[in-house]
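Single-structure report; data block below.
Residue numbers (our numbering): 1 to 87.
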């Protein structure tokens, strides 16, 4: 039992050490690198969500809905829905 506990503690300590090291490396990255990484991730999400492929007339009342859905998709969260659930 003690050997297993020591092994688990050792693995936990190693995991924490690696996480701290990764955090330090991320903090060393310059602002421009972080902005570029953020831009790449946003572009990935936008292309995956497909909101730019929705066809609509200019000035459509659905423009605001499409924009809000695109913003929610970037966050990766499900939006809260309210109002009538069907016809």
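All C-beta atoms in this analysis are idealised placements derived from N, C-alpha and C, irrespective of residue type, glycine included.
Alpha carbon of residue i to alpha carbon of residue j, nearest angstrom
i, j, result
"residue 43", "residue 5", "45 angstroms"
"residue 40", "residue 30", "16 angstroms"
"residue 53", "residue 14", "46 angstroms"
"residue 71", "residue 10", "42 angstroms"
"residue 129", "residue 38", "Examination of residue 129 is not possible in this model, given that the chain is present from 1 through 87 alone."
"residue 73", "residue 35", "19 angstroms"
"residue 23", "residue 16", "10 angstroms"
"residue 19", "residue 58", "49 angstroms"
Spatial neighbours of residue i in its chain, beta-carbon cut-off 8 angstroms, leaving aside the 5 residues before and after
i, result
"residue 1", "For residue 1, the pLDDT reaches just 49, beneath the cut-off of 50, and the residue's location in the model is therefore unreliable, although a value from the coordinates is still provided. Correct list: empty, nothing qualifies."
"residue 56", "62, 63 and 66"
Spatial neighbours of residue i in its chain, beta-carbon cut-off 6 angstroms, leaving aside the 5 residues before and after
i, result
"residue 47", "none"
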